[in-house]
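In this note's numbering, the protein residues as written are 2 to 287.
Backbone N, C-alpha and C fix where the C-beta goes; we use that ideal spot for every residue, glycine too.
Put into structure tokens, the structure is as follows:
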């Protein structure tokens, strides 16, 4: 595996959270990707990805750059055998700074990035011609700087976003007070700038923090003990959330991740296409 993460330049923060280059062989043919509390630009430098609609089974082919919004449930993809990409993780309020569409239009979708974040086809060609991974990331940084526009999320939205990451279990009225705004105004502004309500966003952050805290390489406590120490109010509530976000039972999830390791805790390799209806092999035209 060849992985390079580059510090985000100060002039691109807080909208840009991470920048990296990755080159590795796919662990398995399929991958289940859990909801993440960020937008992602993936500039694919390899063969196409295939994305499966988990409700209809429809298949889309993603050949070049694509943008993934905040997701209400897991995604199912088929990676190319050799993964190679340069990528950026964006805060959910970054749409207004970089994209030619509102944040809400990206929520629950994965879209081709061409003409949404400038000419990403030309960006891909430049990254393919880069001499090394660091140069490829520099090409992406230059593109993001060129695409950046005036107009940022209100400070209250940014403060609320940071407060949710600090404590996703905090009641939303408390988050609003910390952000210096009213409860209802925060809901409206957060939805406008981030594409989801603060509660929906906190649900994703809470779940990802729960996964990150699991002792996947050591003795595993009972799920009852894990839930009791978390922000979930009871085990049935946790299991409903877990299934909605992952499509797995907790025990099935631990079994798979124990096989592949904690690096795959939120990007779970699968040998077969699980959790997708009978699907067409003909890609969507969209």
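Following the continuous beta strand (DSSP E) through residue i, name the residue where it begins and the one where it ends.
i: residue 111; result: 111 to 113
i: residue 271; result: 268 to 271
i: residue 183; result: Taken as a continuous stretch (DSSP letters only), residue 183 belongs to no beta strand (DSSP E), as it is neither H nor E.
i: residue 252; result: Per DSSP, residue 252 belongs to no beta strand (DSSP E); it is in the alpha helix (DSSP H), 251 to 261.
i: residue 364; result: Residue numbering for the chain in the displayed model covers 2 to 287; residue 364 lies beyond these limits and cannot be assessed.
i: residue 5; result: 3 to 7
i: residue 69; result: 66 to 69
i: residue 79; result: 76 to 79
i: residue 53; result: 50 to 53
Do you know offhand how far residue i's Cα is from residue j's?
i: residue 80; j: residue 252; result: 25 Å
i: residue 4; j: residue 127; result: 19 Å
i: residue 255; j: residue 30; result: 19 Å
i: residue 272; j: residue 246; result: 20 Å
i: residue 11; j: residue 222; result: 41 Å
i: residue 230; j: residue 162; result: 23 Å
i: residue 225; j: residue 244; result: 16 Å
i: residue 83; j: residue 129; result: 15 Å
i: residue 147; j: residue 24; result: 26 Å
i: residue 177; j: residue 233; result: 21 Å
i: residue 204; j: residue 179; result: 18 Å
i: residue 42; j: residue 65; result: 11 Å
i: residue 188; j: residue 136; result: 40 Å
i: residue 45; j: residue 142; result: 16 Å
i: residue 190; j: residue 196; result: 9 Å
Using 10 angstroms around the beta-carbon of residue i, count the other beta-carbons present and answer buried if the total reaches 16, otherwise exposed.
i: residue 283; result: Low local confidence applies: a pLDDT of 45 at residue 283 is under 50, so the model's placement there is unreliable, and no value is given.
i: residue 132; result: exposed
i: residue 277; result: buried
i: residue 48; result: exposed
i: residue 62; result: exposed
i: residue 116; result: exposed
i: residue 16; result: buried
i: residue 182; result: buried
i: residue 349; result: The displayed coordinates of the chain run from 2 to 287. Any statement about residue 349 would go beyond what the structure contains.
i: residue 144; result: buried
i: residue 121; result: buried
i: residue 6; result: exposed
i: residue 69; result: buried
i: residue 114; result: buried
Assuming residue i contacts residue j under a Cβ cut-off of 8 Å, what Cβ separation, rounded to an integer in Å, is found between them?
i: residue 40; j: residue 91; result: 4 Å
i: residue 109; j: residue 56; result: Between residue 56 and residue 109 the Cβ distance is about 11 Å, and since that is not below 8 Å, they are no contact.
i: residue 274; j: residue 77; result: 7 Å
i: residue 74; j: residue 36; result: 7 Å
i: residue 169; j: residue 206; result: 4 Å
i: residue 118; j: residue 107; result: The pair is not a contact, with the Cβ atoms about 11 Å apart (cut-off 8 Å).
Which residues mark the beginning and the end of the alpha helix (DSSP H) in which residue i is found?
i: residue 242; result: 236 to 247
i: residue 229; result: 224 to 229
i: residue 42; result: Residue 42 -> not in any alpha helix (DSSP H); beta strand (DSSP E) instead, spanning 40 to 45.
Give a yes or no on whether the C-beta atoms belonging to residue i and residue j are separated by under 7 Å.
i: residue 149; j: residue 112; result: no
i: residue 139; j: residue 173; result: no
i: residue 158; j: residue 67; result: no
i: residue 263; j: residue 28; result: no
i: residue 20; j: residue 96; result: no
i: residue 50; j: residue 134; result: no
i: residue 240; j: residue 202; result: no
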